[in-house]
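In this note's numbering, the protein residues as written are 503 to 995.
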Ligand code: NAD
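Laid out in structure tokens, this is it:
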């Protein structure tokens, strides 16, 4: 056990040690302990939610005019930018992503706050057409206390995606970061406070999902849960939400197809496929993990992708040139290795990768080589189940009908990629594939102004986009009487 000082957590605006177990955050590149904290206890959950409810009712945050809340959110964006390098380095240590990626995540968090500040300030409500002697209005009210439960793969960006619109709406937010990556949510809460978000409006409660996350979700004062994570956890949360009649948004898993037609620009497609599956070490919900290539170009294309995969720079996340860092934990790497073994037992051939890299710098961290399997069908378990690692299954296809049927043959429907120079074919495929996001001649590009979410087991609801603020608000219709006479029915005159 390391003797690093224990970090405080945020319980209703009080920075103090949690009442739960001691957690250690390990640097996945070396296994070193980089931070220690005491997780939240169930008593902390109670206190945080009661405090959030009080802050919602009494701090004045919900009553601020939109441009006043927006000013605070703009300051959060500025503070994130002012602290960008420190945040990016801390996140690299917390989850092992290459520094180039953690810098991008920090920039995205700042952009998210800026966007929702602008949206908050400019969002309009409606006067609806009247059908009687009254003016009808559709307005929105903040829900109250809401929860943000996030996974470990893109901290700060995931938290910003929930915190910024919820704060813009005027809500109080209880954040439950993933067990293995608690640091960025705490940093973000500090910056929000520094920017002027009243104490108590944000709590950050690190701890075990099945205990702390569960207690937050079940709490009667929590009016909405915005969850990003695995599909099994998402379904569990949906059941609790059904009992409480609570709205939820669920951003869940994926097994996204990338489709390469014979007329594609192959240089672009090779790069896009490599980026789509191997960036973030494949620990990405939208990883393009099923590759369908037109049979006439299959050999040439997969050979080029395999060469590209072999040449990726796997290693030290602190190095500017690293493309793939380690996996998040030793356990997660073992899970991925079991999947690759399963793929081989299902008849797959490893085209490249499938091993831990050897040599200096690799001995202590949880590194794995970019891996491509072939010879499998779309029905194989390794082709159907989310691996959440750097493993691509490549398959040839003959006709577009077959391609569409296979692309859609998955419990998931989060994202898809189409590579073709033929506008009409790309349009047809892009419309036929069932997915929350379709990239045509690009992949894994994100904009906070564009709604994001999944179909089927990939989730429920959408985040991002101006409308994202309304997730955290209840809609209210108001009828404003304009009649000179009383309502005639009662005949009380
Ligand atoms: P996970 O479901 O294990 O955990 C996610 C969060 O939920 C963590 O904070 C965890 O502590 C908490 N949690 C766990 N059990 C809970 C419970 N019973 N009640 C309440 N909270 C609980 O997921 P993970 O392993 O952290 O993340 C990987 C998964 O996230 C992958 O499936 C990936 O596809 C998905 N993901 C989806 C998106 C998206 O936007 N669709 C983005 C990133 C990750």
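Note that beta-carbon positions come from the ideal geometry of N, C-alpha and C, so glycine has one too.
Check: For my contact list, residue 554 and residue 703 are in at a C-beta cut-off of 8 Å; report their separation, rounded to the angstrom.; Outcome: 7 Å
Check: Determine, using beta carbons only, whether residue 760 and residue 792 come nearer to each other than 9 Å.; Outcome: yes
Check: Whole angstroms are fine: how far does the CA of residue 839 sit from the CA of residue 848?; Outcome: 14 Å
Check: Excluding five sequence neighbours on each side, which residues of the same chain lie with their C-beta closer than 6 Å to the C-beta of residue 964?; Outcome: 953, 955
Check: Under a Cβ-count criterion, where at least 16 other Cβ atoms within 10 Å of its own Cβ denotes burial, should residue 984 be classed as buried or exposed?; Outcome: exposed
Check: By Cβ distance, which residues of its chain are closer than 7 Å to residue 857, with the 5 residues on each side in sequence left out?; Outcome: 871
Check: Since residue 670 contacts residue 874 with CB under 8 Å, what's their CB separation in whole angstroms?; Outcome: Going by Cβ atoms, the distance from residue 670 to residue 874 rounds to 43 Å, so no, they are not a contact pair.
Check: Can you tell which of 738, 740, 607, 764 has the C-alpha that lies nearest to the C-alpha of residue 900?; Outcome: 764
Check: Rounding to the nearest angstrom, what Cα-Cα distance links residue 659 and residue 910 in this structure?; Outcome: 29 Å
Check: Name the DSSP beta bridge partners of residue 720, please?; Outcome: Beta-bridge pairing links residue 720 to no other residue.
Check: Roughly how many angstroms lie between the CA atoms of residue 599 and residue 699, to the nearest whole one?; Outcome: 29 Å
Check: Does the region 676-689 come close enough to the region 582-598 that 3 or more CB-CB pairs lie under 8 Å?; Outcome: yes
Check: With residue 516 as the anchor, note down where its beta strand (DSSP E) starts and where it stops.; Outcome: 516-518
Check: So the candidates are 977, 798, 608; which of them puts its Cα closest to the Cα of residue 662?; Outcome: 608
Check: Pull up the distance between the alpha-carbon of residue 812 and that of residue 715, whole angstroms please.; Outcome: 40 Å
Check: Compute the minimum distance between the beta carbon of residue 932 and the heavy atoms of ligand 1, and state whether it is under 8 Å.; Outcome: no
Check: Could you name the residues of the same chain whose beta carbon sits closer than 7 Å to that of residue 733, not counting the 5 residues immediately before and after it, in chain order?; Outcome: 754, 755, 959
Check: Is it buried or exposed, residue 876, if we count other Cβ atoms within 10 angstroms and call 16 or more buried?; Outcome: buried
Check: Any contact between the region 931-940 and the region 767-787? By contact I mean 3 or more CB pairs, one from each, below 8 Å.; Outcome: no
Check: So what's residue 980 in DSSP terms, helix, strand or just coil?; Outcome: strand
Check: Below 8 Å on the Cβ atoms is my guess for residue 720 versus residue 681; work out the distance and round it to an integer in Å.; Outcome: Not confirmed; about 19 Å, so no contact.
Check: Do you know offhand how far residue 944's Cα is from residue 771's?; Outcome: 8 Å
Check: If residue 696 sits next to residue 581, beta carbons under 8 Å apart, how far is it from one beta carbon to the other, in whole angstroms?; Outcome: 6 Å
Check: Curious, which full-length alpha helix (DSSP H) runs of at least 4 residues does the region 626-690 contain?; Outcome: 659-671
Check: For residue 577, which residues of its own chain have a beta-carbon under 7 Å away from its beta-carbon, when the five flanking residues on both sides are left out?; Outcome: 697, 698
Check: What's the C-alpha gap between residue 801 and residue 677?; Outcome: 47 Å
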